[in-house]
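Respectively, the protein sequence lines represent chains A and B.
The numbering of the first sequence is our numbering, which starts it at 2 and goes up by one.
The numbering of the second sequence is our numbering, which starts it at 4 and goes up by one.
Built from N, CA and C at the ideal position, the CB exists for glycine as well.
Let me begin by presenting the structure, written as structure tokens, before commenting on it.
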Amino acid sequence: MTQTPPAADAPIQHGAGQPLPWEPVLMTAVGREGGRFLPDYLLRGGYQGLTKAVQEMDPDSVIKEVTDSKLLGRGGAGFPTGVKWGGTKRNPGPRHLVVNADESEPGTYGNRYAIDADPHGLIEGMLVCCFAVGIQQAYIYIRGENLYGAEVLEHALKEAYAAGYIGKNILGKEGFNVDISVTRGAGAYVCGEETALMESLEGRRAQPRIRPPFPIEVGGGLFGRPTVVNNVETLMCVPHILVRGAAWFASIGAPACPGPKLYTISGHVNRPGVYELPMGTTLYDLIYKYAGGMKRNQKVKAVSPGALACQLLPGTDLNVQMDTATLTRPPHWHPPFGPVGFGAGGIIVYGEETDIVQVVARAAGFFARESCGKCVPCREGTHWMQDVLGRIAHGHGRPRDLGILEDVTRNIGGRKTLCALGDFSVNSVASALRLFRPEFEAYCNGHARSSAAGSGVPVAAG
Amino acid sequence: MSLSQAARDRIVNDFIPRYPSKRAALMPSLWLAQEEAGWLGPEVFEEVGELLDLHPTDVASVASFYVMFHRRKIGDRLIEVCENPSCFLNGSDQTYARICDRLGLEAGHGGHGMQTTPDGKFSVRPTECLAACDYAPVVQVDLRFYGPVHEADVDAFLANMEAFSIQGKPSVSMANGPQAVPVDGWEGHAPPAPGSAA
Ligand SMILES: Cc1cc2nc3c(=O)[nH]c(=O)nc-3n(C[C@H](O)[C@H](O)[C@H](O)COP(=O)(O)O)c2cc1C
Ligand code: SF4
Ligand code: FES
Numbered sequence: 002m003t004q005t006p007p008a009a010d011a012p013i014q015h016g017a018g019q020p021l022p023w024e025p026v027l028m029t030a031v032g033r034e035g036g037r038f039l040p041d042y043l044l045r046g047g048y049q050g051l052t053k054a055v056q057e058m059d060p061d062s063v064i065k066e067v068t069d070s071k072l073l074g075r076g077g078a079g080f081p082t083g084v085k086w087g088g089t090k091r092n093p094g095p096r097h098l099v100v101n102a103d104e105s106e107p108g109t110y111g112n113r114y115a116i117d118a119d120p121h122g123l124i125e126g127m128l129v130c131c132f133a134v135g136i137q138q139a140y141i142y143i144r145g146e147n148l149y150g151a152e153v154l155e156h157a158l159k160e161a162y163a164a165g166y167i168g169k170n171i172l173g174k175e176g177f178n179v180d181i182s183v184t185r186g187a188g189a190y191v192c193g194e195e196t197a198l199m200e201s202l203e204g205r206r207a208q209p210r211i212r213p214p215f216p217i218e219v220g221g222g223l224f225g226r227p228t229v230v231n232n233v234e235t236l237m238c239v240p241h242i243l244v245r246g247a248a249w250f251a252s253i254g255a256p257a258c259p260g261p262k263l264y265t266i267s268g269h270v271n272r273p274g275v276y277e278l279p280m281g282t283t284l285y286d287l288i289y290k291y292a293g294g295m296k297r298n299q300k301v302k303a304v305s306p307g308a309l310a311c312q313l314l315p316g317t318d319l320n321v322q323m324d325t326a327t328l329t330r331p332p333h334w335h336p337p338f339g340p341v342g343f344g345a346g347g348i349i350v351y352g353e354e355t356d357i358v359q360v361v362a363r364a365a366g367f368f369a370r371e372s373c374g375k376c377v378p379c380r381e382g383t384h385w386m387q388d389v390l391g392r393i394a395h396g397h398g399r400p401r402d403l404g405i406l407e408d409v410t411r412n413i414g415g416r417k418t419l420c421a422l423g424d425f426s427v428n429s430v431a432s433a434l435r436l437f438r439p440e441f442e443a444y445c446n447g448h449a450r451s452s453a454a455g456s457g458v459p460v461a462a463g
Numbered sequence: 004m005s006l007s008q009a010a011r012d013r014i015v016n017d018f019i020p021r022y023p024s025k026r027a028a029l030m031p032s033l034w035l036a037q038e039e040a041g042w043l044g045p046e047v048f049e050e051v052g053e054l055l056d057l058h059p060t061d062v063a064s065v066a067s068f069y070v071m072f073h074r075r076k077i078g079d080r081l082i083e084v085c086e087n088p089s090c091f092l093n094g095s096d097q098t099y100a101r102i103c104d105r106l107g108l109e110a111g112h113g114g115h116g117m118q119t120t121p122d123g124k125f126s127v128r129p130t131e132c133l134a135a136c137d138y139a140p141v142v143q144v145d146l147r148f149y150g151p152v153h154e155a156d157v158d159a160f161l162a163n164m165e166a167f168s169i170q171g172k173p174s175v176s177m178a179n180g181p182q183a184v185p186v187d188g189w190e191g192h193a194p195p196a197p198g199s200a201a
């Protein structure tokens, strides 16, 4: 499938009101012969964003362009990328760039496909960042399980070094020197948290750091130096912003957090997968229009809009726009736990046949295993939730267990911990208790759902 | 067991110069050591520590933080079945149980431990989301991904894993290219959008 990128002034206006099908921006390499290699990347207009930055712009105007595009970080926190770059640059060098390719949030898998399909898209975004912020040493931290992705990146780096896009005096620009290398994690979800990631990169146990100082500041970043940490998808947007302009990017989808988004959808949908659509696409469209509707035609019972770290949305809420701005504001804000959350756009859809108690027990087990153990509420609370929910899920729940659970969730949630993993761990538990309390009560009164009989959905082993 | 000369050279000439601190070469060094021996023993902690100026206990402490570093000998092949929600909803528990059963191991031990067959050929354990949820249920064997492996596929899978490989394949949704294409006639099959009557 060939795709010619439209000229910067072409009268294409993707937008919330635009008719679909929407033309992909980030995933154009898919389906092309040799799409991930340098020659094809160049055919697709590759390294033009970098060339434009280096030859026609100065670093500050690059930062301004990225700021004007209103690009928000795609890793979960949704921080404005241009502001992060500008902030880092105000601190003295040397500085670093770290690419967060840890992607371990259950239900999130866009980065893996993006790296497989178009590693040079990421590398170009990194180089633009290095040019804008004044960085000579950049690192890609990729989760250990994704060995294939690390190999793809290593190969692409070799190609880019050989072609002179990485190295010394890049594109003939005196003093524009960048080195990039890949570091593999080794199986710890918390490494996705940016300060834990930096600890791991420095060769330590991945325990998040106390802030301030923040990563962009001296003393807070990688090796104590001011550091930009960006998600893979965030950086992949950058070359397109430079080539087609900030105004083009800002016109795509949801005005408050615009741009293309790699939604990943899984669970009880007929056609799970990665869907590149404008930010702000509705959940209803994602499930029915694109992901092929629900398996066995069941109704939607609930959705984790931003994978396991977010609160559950009820199946009645399908009109909601899937974007950072919508899901972090009222009415999608539930005190004392805070926003429902959009995370990195990993959508898990639970059909009616789902035993929500089993799902939540599993979620609690995940966070208990992945807590780094540095703060007390998270270390003890996650294990407590795992124990109580495990007991309930095995049919040994007692009526007072729900009170205990609620108590524990309130004692972890609401920013009481060093990193957001603590808040994440209570989100699905607390929201499930709010939305599906009778199911928990049934379990505690000896009326466990009979493993969603006949549905093919098992009772958890533990 | 100890590090080969080639590994030492790689650590000194390739890994250490990548970072401004020696210590930062620890993750790649541990990976390299584990590739050579299959696991990480006390000698490795000492030898890596020596190269990076770290106390062996410090090295072991870091290694123990990460579930992919093995501090005991494991089977020749490591089979890991994802048990997180998207795989769970698609029957990963049954896949896991069937794999254990076929290898003569006990499923449903209720923990997250690893089991190894008596002949040392296979180790099996549940694992967390592998970021391949569109191919759920997903199985990882020695750092390569396979899916979907349903309960009924387990025999075929154990006989010929490569037939199930998803490595390098595009997402399920992208079989026909990158475009997010509406499903034909989707409106006829979908319930009315909430609030659309109003
Ligand atoms: C427990 C935890 C896990 C996270 N995992 C990831 C991850 O896998 N990938 C990612 O890009 N960001 C992850 N984040 C968010 C990062 O801390 C950070 O905000 C992000 O990488 C910044 O990049 P962005 O501004 O481009 O979004 C995680 C945060 C927490 C608290
Ligand atoms: S919230 Fe949990 S994971 Fe985060 S620093 Fe505290 S103990 Fe570690
Ligand atoms: S939940 Fe199994 S691969 Fe993501």
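**Message:** List, from N- to C-terminal side, the alpha helix (DSSP H) runs of 4 residues or more that fit wholly inside the region 231-262 of chain A.
**Reply:** 233-245, 247-251
**Message:** Would B/Y149 pass as an interface residue toward chain A - the criterion being a Cβ-Cβ separation below 7 Å?
**Reply:** no
**Request:** Please confirm whether any heavy atom of ligand 4 lies closer than 6 Å to the CB of A/F80.
**Result:** No copy of ligand 4 occurs in the structure displayed; its ligands are ligand 1, ligand 2 and ligand 3 alone.
**Request:** Quick one: residues in its chain with C-beta nearer than 7 Å to the C-beta of A/L287, no 5 flanking neighbours on either side, listed in chain order?
**Result:** Y264, I266, Y276, M323, I348
**Prompt:** Mind pulling the chain A residues with CB within less than 8 Å of B/W34?
**Reply:** G145, R185, A187
**Prompt:** Can you give the Cα-Cα distance for A/A247 and A/V63, rounded to whole angstroms?
**Reply:** 10 Å
**Item:** is_contact[A/S182, chain B] using C-beta, thresh 7 Å
**Value:** yes
**Spatial distance of A/G398 from A/A310 (CA atoms)** = 24 Å
**Prompt:** Starting from A/R438 and walking both ways along the alpha helix (DSSP H), at which residues does that stretch end?
**Reply:** 438-445
**Request:** List in chain order: all unbroken alpha helix (DSSP H) runs of 4+ residues lying wholly within the region 27-63 of chain B.
**Result:** 29-40, 45-55
**Request:** May I ask whether a heavy atom of ligand 1 can be found less than 6 Å away from the beta carbon of A/D103?
**Result:** yes
**Request:** Identify which residue in A/A133, A/T329, A/G316 has its Cα closest to the Cα of A/P240.
**Result:** A/A133
**Item:** Contact test: A/G74 Cβ vs ligand 1 heavy atom, cutoff 6 Å
**Value:** yes
**Prompt:** For A/R126, which of helix, strand or coil comes out of DSSP?
**Reply:** Here the sequence assigns Gly to residue 126 of chain A, which means Arg is not the residue at that position. Here A/G126 sits in helix by DSSP.
**Item:** B/M71 beta carbon less than 7 Å from that of A/A187
**Value:** yes
**Prompt:** Roughly how far, in whole angstroms, is the beta-carbon of A/M386 from the beta-carbon of A/L406, given that I think they are within contact range, below 8 Å?
**Reply:** 7 Å
**Message:** Nearest by alpha-carbon distance to A/Y140: which of A/Y149, A/N147, A/E146, A/M127 is it?
**Reply:** A/M127
**Item:** Cα-Cα separation, A/I171 to A/L51
**Value:** 10 Å
**Interface residues of chain B facing A/N101 [CB-CB closer than 7 Å]** = The premise fails here: A/N101 is roughly 13 Å from chain B at the closest Cβ pair, so nothing lies under 7 Å.
**Request:** Starting from B/R26, find everything on chain A with Cβ-Cβ shorter than 9 Å and list it in chain order.
**Result:** E203, G204, R205
**Asked** In chain order, what residues of the same chain have a beta carbon less than 6 Å from the beta carbon of B/A134, not counting five sequence neighbours either side?
**Response** none
**Contact shell at 7 Å, judged by CB to any heavy atom of ligand 3, ordered along the chain** = A/P107, A/G108, A/Y110, A/S267, B/C85, B/N87, B/P88, B/S89, B/C90, B/S95, B/C132, B/L133, B/A134, B/A135, B/C136, B/A139, B/P140, B/V141
**Asked** Of all the residues that make up the region 143-177 of chain B, which are near chain A by a beta-carbon distance shorter than 8 Å?
**Response** Q143, L146, R147, F148, Q170, G171, P173, S174, V175, S176, M177
**Message:** Tell me whether the region 11-23 of chain B and the region 52-59 of chain B touch, counting them as touching only if at least three CB pairs, one residue from each stretch, are closer than 8 Å.
**Reply:** yes
**Asked** Are the beta-carbon atoms belonging to A/G83 and A/V100 less than 7 Å from one another?
**Response** no
**Within chain A, partners of B/L29 - CB distance below 7 Å** = G204
**Request:** Ignore the nearest five residues each way along the sequence and tell me which others in A/P337's own chain have a CB closer than 7 Å to its CB.
**Result:** R411, G414, G415
**Message:** So if I threshold CB-CB distances at 7 Å, which residues from the region 267-284 of chain A count as touching chain B?
**Reply:** S267, G268, H269, R272, P273, G274, V275, Y276, E277, L278
**Message:** Check this for me: beta carbons of B/C132 and A/P107, under 7 Å apart or not?
**Reply:** yes
**Request:** Ignore the nearest five residues each way along the sequence and tell me which others in B/A196's own chain have a CB closer than 8 Å to its CB.
**Result:** none
**Item:** Beta carbon proximity, A/E104 to chain B, threshold 7 Å
**Value:** yes
**Prompt:** Secondary structure at A/A303, three-state DSSP: helix, strand or coil?
**Reply:** strand
**Where A/P22 falls, given that 16 or more other Cβ within 10 Å makes a residue buried** = Its pLDDT being 48, under 50, A/P22 is placed unreliably by the model, and the measurement read from it follows with that caveat. Result: exposed.
**Asked** Looking at the structure shown, is A/M295 part of a helix, part of a strand, or coil, going by DSSP?
**Response** strand
**Request:** Taking A/A443 as the reference, give the member of A/H97, A/V358, A/K296 with the closest Cα.
**Result:** A/V358
**Asked** Per DSSP, A/W334 forms a beta bridge with which residues?
**Response** A/P340
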